[in-house]
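Below: one structure, written as structure tokens.
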Amino acid sequence: MNIEAEIRALFDENYEFLKAEGGDVVTDFVREEAFSQVLQYWMRNRALIDKITEAEVKLTLPGLRTPRKKIPYNLEGVVDIVREGEETWMYDLKTHDRAAIESNLDAYKAQLNIYAYIWCGLRGNKLDNTAIVSTSLPPALKGAIKSGNPEWIAREREAWDPIIPLGYSEDEIERMIEDFGSVVESIEDHDFTPPPTDCLTSKEGQDRNIFAVRICRNCDIRYSCASFRAYVKANDRGNQGFRRYLDDYGTENTAEAFIEGNLRDDE
Amino acid sequence: MELEKLFEKSGFLPNEAQREAILHKDGPLFLTAGPGSGKTRVLLWRTVNLIVFQHVPPSEIFLSTFTEKAALQLRDGLRSLLGLVTNETGVPYDITEMSIGTVHSLCRKLLIDRRFTDNQERRRSPILMDELGQYFRLYNRAYWKTLLEAGGFDDEEAGQRAINAWMNDRDSYSRHEAVVNAIAFFNRLSEEDFQYSGRDSTPTANGEGQASDATLAALLRMYDRYQADLREGGTVESVDFSTLQQRAYRFFLSSEASKSVFRHVIIDEYQDTNSIQEKLFFRLAAGHKNICVVGDDDQALYRFRGATVENLVKFENRCEGFLGCRPRRIDLGINYRSRKPVVDLCARFIGSIDWSARDGSGVSYRIVDKSISAARKDPEPAIVASGKAKAEDVYAEIAHFIRVLKESGKIADYNQVAFLFPSMKGWSGMNTRVHGFMEAFAEEGIPCYAPRAGRFLEVEEARSFFGLCMEVFGHPEHRERGKASAGYREFQNWLASCEDRAGLLKKSDPALALFLQDRKAEVSQAAADYVSLNAWCAERSLEPGAPVETGFPQLLARSLKLSLRVQKALQSHQLNESIKRRAVEGRPYTIRYLLNRVTALDWGVLDLFYQVGGFSRFLEAYRLAEKGEDEGPICNLGLITQYLARFGDEYGPILTGQVLSGNTFVNIFFSSYLYALFRLGESEYENADDPFPKGRVPFLTIHQAKGLEFPVVVLGSVYRESRDASKIETTARKLLGRQGEPIDRIDEFDTMRMFYVALSRAKDLLVLPRYTHGKAASPVFAQILESGTILALASLDISSIPAPKASVDELGKTYTYTGDYLPYLRCPRNYMAFGKYGFIPSRGQSMFFGKLVHETIEDLHHLVMARSSQGGSV
């Protein structure tokens, strides 16, 4: 069996497994989109994948305390891949697109740097760099795939740069851990206030959409959220009020995908 | 660095026996550990000794605990002790790869552990059904019918009657009861590693015993069918908790490596293990023979779940049988928890019956020659009893005393007192003692916390929401007295109370009334559209199973007067493209599918739940949680989403015009699904992390109190109904040729052990009730209470109770970047619901997509690594 066929078999098996586990299922169309993401990932990153020495590495930093109240906690994470060779790199995979990752670079950088710190400090390994791999396909490559033209696909695949290096240094580790700790402290303090309303109209990095559309619209509990309600009220031009936004299940496409994905064929 | 120095640094002074146990490193070890004897500490230190001083890699240690919480505590405890070592020596330790957990979680983990297979290929762990999942799988009417047929029952009701009569010795046609009975029996068979030997021969287990009656034979055939369906039904193998262990055991048998993957196998709470677990542990320990079991036969509580205390009592013999050598036995017998009078009472109590075989053979059903003595020697009275009075007066006296304790500062918080009951539930609804104490508490103004006392569906949040559902979807037909079982009548009362609730909510919130009206209109429109579409097809003799041809939806749209929504759906580009594609692929959609697809609502019950969250009734619950003021209501909301999501998993989340027309949906949702939840009596939300909220007195079952301790313990009841050994127990004996405690003494033994657990939870003070009427006290308690040795509560000098010590939890929780930090930064409120309180999102497609891609890529990485380690390339 060639590797493409093996990937297909793994993919189909995972699909069946996730489906059997319950929860919502994607449509056939989206399933093929997911498969194409995996396949392109393999074809574009072969060289890297061949050099992987460890995968799904669990890392723990025990015995930490939050900055203010000194609440004890542990930090735990999983690194997707480590590659050794002339240099040792650590990678984390993200299914978001490059723009979304770049708009949130500091948080990811902190994440990988702390993982790296555990990897080197606690495990006594060496490390040269850290990076994110964005598995989401760029629009140009998607367009090429849609056309079915193999040369165009190959060209766009080569042009795709999925790796975002983040560097590694221990200089800022302390601040990064403290930052993590202050979030832990807020969670332990049960502070779950939503972002203020003006934050809902803000854009971040290269994102086209404002927070209310990007985040809130995908959040089930927006109807009961004071910030979102204030946003709706302020932006309700047709004065249709509460009733209209209660009808909002996303775009027509997502509504249809919800039905198509979950309605069994034999029904 | 020496172990002694570490003891000193951490302020631990082990006694002789503890030290011996900690230092033991080779060969099987048998630790008997009485209540409060520091066994968790011993386990921790012994593991530290193995890792640090014996250089055993953590990945070669298997440590099984009774609960996930205990596993978490051990893990965190190990991390801090090892951290202590690192600080001294600079040598880092990482226990991430150590196998610590419940047997179930370890079985799941080991089933995909690459060390057990030669070819390093990834194995797939079967899908695990939890108890509720298993119940719904069998309760599903169509599936249940096939099972009954496999058993030879053509008539459902007759089958159910036969099963219920066989199991409970009473006449009942209830499907719910029969399913619950079948599950209990099936699980026991799996836990005994029962192998059905075929349809036509006599059923045997390992060649022993045989089935003697028709119903048993039928149940065995049903079990056989059930097991086959788990293995082969559907594309992915699934298991229940019991079958999971059997699968793991069979997998270990097939793997020679399994005998020596672990250098040390350590099992806590060994008195509550069952027979498949015993086999599994001995298999894993077969190579190195380092098995260490810890337990107390006097605290065995789980016979009703198939546990066999003999595993512990006879451990020395079993060890000889399995491993060919006898274990070293060490008794941990010094109690550091309780004041001396409590320890003495416990010892007197457990010794008050005869545990030896009546045949004079000298066999004892209890581990002999072990004893327990108190480390605390203060002589003050630590056991008191209420005045002997009728129940109401006893409740009042004790409740008042609790308030005095609090006001005098003898307890720092109400959660330092626990009320323990053999059971929280009574014949119908709440146990009368629980109820009585609750009323007395209300009188005194003391809040209590009793998560297992009531049904979850009875909480306000649930009644409000399900009442609103009835406003939208309609309600199930009322069944008259003669036609409804007692259980269903009770359910109907619940439905009526939900309706009342919803009525009030509508009245007080006009916007909500309007919203419900809109939803109701959509529901009836979808049903009406379906009816006309269906009629149109029927008139033209188009079969529901006939293929849909290209252009057919447009034809429907032109020919019929339908709602705008359905008109649009029929003309959707996406749909018509799919129809074309499927026709080309030779698997066209059916007319049935098409009608469902276009009439389906674009929202489900979960969406409805989240939308009504925006109305005043529910806003408060969210607000309280956001500010950290009260998490009770939000926990209940989270649990509702879990039940709704499960409904979607079982019956499909899509509401089609077909199920909405007629009574189909209402019947499935209310009369089938919610009724089942109602009868199962699923209890309220319990937070596993912090079990007992501050400011409330916990009311617990004795089982819930296992492994816990409280400054003050009150036994709410000192009576346990005597009962015959269960049919499952007697059948297992006959069928499997199991030896064990004599059937006619099981009840006595179990009663003693249960109350022993209750008594030994108390640190400073134990309070017993003296009732005059009803089920006042089991004989053994009557004897103690009437002996005149117990001080009256009224004469207790409150100053003799030691000052409270606030318990500090120094073990931190574990947080992650992707699960906690990043989601919290994105939106703290969203994290609260979906990260902390277990809300289930209504749309899971993007999550599904992400998981599918990520997991396949992970598999790909492993595939490539495995290839290159075999010297090949891809």
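Read top to bottom, the protein sequences are chains A and B.
Every letter in the first sequence is one number past the one before it in my numbering, and letter 179, counting from 1, is 179.
Every letter in the second sequence is one number past the one before it in my numbering, and letter 386, counting from 1, is 653.
Quick reminder that beta carbons are idealized off the backbone N, C-alpha and C, glycines included.
Among the residues facing chain B, L10/A is included, as its CB has a counterpart in that chain under 7 angstroms away.
In the displayed model, Y91/A falls within a strand according to three-state DSSP.
Taking the Cα of C736/B as reference, the smallest distance to any Cα among R722/B, A707/B and D767/B is reached at D767/B. Beyond the five residues adjoining it in sequence on each side, Q321/B comes within less than 7 angstroms, by CB distance, of K292 in the same chain, given in chain order. Close to L75/A, with beta-carbon spacing below 7 angstroms, are these residues of chain B in chain order: Y1082. Shown here for S989/B: same chain residues with a beta carbon closer than 6 angstroms to its own, the five before and five after excluded, namely D1014 in chain order. Only F885, L886, Y889, A892, E893 and G895 from the stretch 885-896 of chain B bring a Cβ to less than 7 angstroms from some Cβ of chain A.
Around the C-beta of L831/B, fewer than 16 other C-beta atoms lie within 10 Å, and the residue is accordingly described as exposed.
Against chain B, the CB of Y117/A has no partner CB under 7 angstroms away; the residue lies outside that interface. A Cβ-Cβ separation of about 16 angstroms leaves L809/B out of contact with A824/B under the 8 angstroms criterion.
Listed along the chain, the chain A residues whose CB falls inside 7 angstroms of the CB of H1121/B are L93 and T95.
Separation of P743/B and M396/B (C-alpha to C-alpha, rounded to the nearest whole angstrom) is 29 angstroms. Look at G368/B here: in three-state DSSP terms it is strand. When 9 angstroms is used as the limit between beta carbons, D106/A is near no residue of chain B, the shortest such separation being about 10 angstroms.
When H443/B, L487/B and L862/B are compared, the shortest CA-CA separation from E416/B is found for L487/B.
Look at G23/A: its C-beta is under 7 angstroms from a C-beta on chain B. Taking 7 angstroms as the upper bound on Cβ-Cβ separation, chain B lies near residues I215, C219, D220, I221, Y223, S224 and C225 of the stretch 196-230 of chain A. Membership of S331/B in the beta strand (DSSP E) is indicated by the continuous run I328 to T332.
Annotation for S464/B: no alpha helix (DSSP H) segment contains it, and DSSP assigns it neither H nor E. The Cβ atoms of L579/B and G562/B lie closer than 7 angstroms to each other.
Counting of Cβ neighbours within 10 angstroms places F571/B among the exposed residues, the total staying below 16. When the Cα atoms are used, I1124/B and D97/A turn out to be separated by approximately 16 angstroms. For K142/A, not one C-beta of chain B is nearer than 7 angstroms to its own C-beta. Listed along the chain, the chain A residues whose CB falls inside 7 angstroms of the CB of V1131/B are I49, D50 and I52. The beta carbon of A131/A does not come within 7 angstroms of any beta carbon belonging to chain B, so the residue lies off that interface. A distance of 7 angstroms or more separates the beta carbons of L1035/B and L975/B.
By the criterion of at least three beta-carbon pairs nearer than 8 angstroms, the stretch 610-630 of chain B is not in contact with the stretch 995-1003 of chain B. Distance from the CA of E102/A to the CA of R1093/B, rounded to the nearest whole angstrom, comes to 15 angstroms. One Cα belongs to R1037/B, the other to A1061/B, and the distance between them is close to 13 angstroms. Per DSSP, reduced to three states, the secondary structure at K637/B is coil, with no helix or strand assignment. The three-state secondary structure of L75/A, taken from DSSP, is strand. The shortest CA-to-CA distance from D361/B to any of E84/A, N74/A, L112/A and A100/A is the one to N74/A.
Excluding its 5 nearest sequence neighbours in each direction, A288/B has C-beta neighbours in its own chain below 8 angstroms: L296, L298, V309, R313, I597 and L599, listed in chain order.
When DSSP reads this structure, A20/A sits in no beta bridge, so it has no partner. Distance check between R83/A and each of I173/A, P72/A and L48/A places L48/A closest, using alpha-carbon atoms only.
Rounded to the nearest angstrom, the Cβ distance from D460/B to Q513/B is 6 angstroms, consistent with a contact under 8 angstroms.
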